[in-house]
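Below is one structure, written out as structure tokens; the observations come after it.
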Amino acid sequence: MTSSFQGFPKDFLRFYAELIENNNRDWFGQNKQRYKDVVVYPMCDFIEAMAPRLEAIAPMFIADPRPNGGSMFRIYRDVRFSRDPKPYKEHAACQFRHQAGRDAHAPGYYVHLALDGVRFGGGIYLPPAPILTKIRHAIDEKGAEWTTIKSDSDFQATFIEGIRGDGLKRAPKGFPIDHPQIEDLRRKTLFVMKPLANIQAITKPDFVDEVEDAFQKATPFMRFLTNAVELPF
229 MTSSFQGFPK DFLRFYAELI ENNNRDWFGQ NKQRYKDVVV YPMCDFIEAM APRLEAIAPM
289 FIADPRPNGG SMFRIYRDVR FSRDPKPYKE HAACQFRHQA GRDAHAPGYY VHLALDGVRF
349 GGGIYLPPAP ILTKIRHAID EKGAEWTTIK SDSDFQATFI EGIRGDGLKR APKGFPIDHP
409 QIEDLRRKTL FVMKPLANIQ AITKPDFVDE VEDAFQKATP FMRFLTNAVE LPF
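Going by the numbering used here, the first residue of the sequence shown is number 229, and it counts up by one from there.
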């Protein structure tokens, strides 16, 4: 499958190394065109390369290569309620959301690129209470299917940390503390991520193949979440 994506440029990694040392508006202003050249445009190429692959895996999920308003997250941090005054995110990321989802709380496949770790996979991030309740009831009612997804050998080999996400200290209302799925029922976010051992791999054209493979392995989990919130997969 041909595309214009040839891997992220080496200067992508240098840009973020320098940003970490100079996370201020003056430095970014002087490097804004460089940011577009080595981060934004290559990310757009990556998303465009993923689009037909994602359509084959999960046709209801959208890979939008537009630099603004598409699948790529903005670099600007919202510092209004943060103790950290740094104005810029020190990583690049994109999310391929379900076409019914207008925000980051819908199910989505995700790619995170940072000097301290590259990872990709999927899940749902802090869904509103009614959506989270639907997921919990699906896990409760379809416990055997949920266990089969989690115990699949390919799934476990790809997502070595299993299903993750911050959770409640106690059982959610309506569920016993000794429920066989209590660990996942307590979660407020559910996701799986494949860590990339060698960060330099993002500079190679076949990085897109690695992401595609992880997305395929995540698909039973993603299908379960999507169906649980009553959306078509």
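Even for Gly, the Cβ is constructed at its ideal location relative to N, Cα and C.
Residue span of the beta strand (DSSP E) that contains residue i, given as start and end
i: TYR338; result: 336 to 342
i: LYS422; result: 418 to 424
i: ILE352; result: 345 to 352
Proximal residues to residue i (C-beta, below 6 Å), its chain only, five neighbours per side dropped
i: ASN251; result: LYS314, TYR316
i: TRP374; result: ILE367
i: GLU438; result: none
i: ALA279; result: ALA291
i: ARG414; result: GLY395, LEU396
i: PHE301; result: ALA321
Range of the contiguous alpha helix (DSSP H) that encloses residue i
i: PHE240; result: 238 to 249
i: GLN261; result: 260 to 263
i: GLY371; result: 371 to 379
i: GLN444; result: 435 to 456
i: ARG281; result: 269 to 285
Other residues of its chain near residue i: CB distance less than 7 Å, five sequence neighbours each side excluded
i: VAL267; result: PHE240, PHE243, ALA320
Cβ pair residue i, residue j closer than 9 Å
i: ARG463; j: PHE443; result: In the structure as shown, the chain begins at 229 and stops at 461. Residue 463 is therefore absent and cannot be evaluated.
i: PHE403; j: LYS445; result: no
i: VAL420; j: GLY371; result: no
i: ASP306; j: PRO293; result: no
i: LEU424; j: PHE348; result: yes
i: PRO355; j: THR417; result: yes
i: VAL457; j: LYS362; result: yes
i: ILE248; j: LEU343; result: yes
Inter-residue CB distance, residue i and residue j (contact presumed, cutoff 8 Å)
i: ILE430; j: VAL346; result: 6 Å
i: THR386; j: LYS422; result: 5 Å
i: ILE303; j: TYR338; result: The pair is not a contact, with the Cβ atoms about 16 Å apart (cut-off 8 Å).
i: ILE391; j: ALA399; result: In fact, because the Cβ distance is near 17 Å, the residues do not count as touching under 8 Å.
i: GLY235; j: PHE435; result: 6 Å
Contacting residues, own chain, Cβ-Cβ under 8 Å from residue i (five flanking each side not counted)
i: MET288; result: HIS326, GLN327, ALA328, THR454, LEU459, PRO460, PHE461
i: THR447; result: ILE285, ALA286
Strand pairing of residue i, partner residues [DSSP]
i: MET300; result: CYS322
i: GLY395; result: ARG415
i: PHE289; result: HIS326
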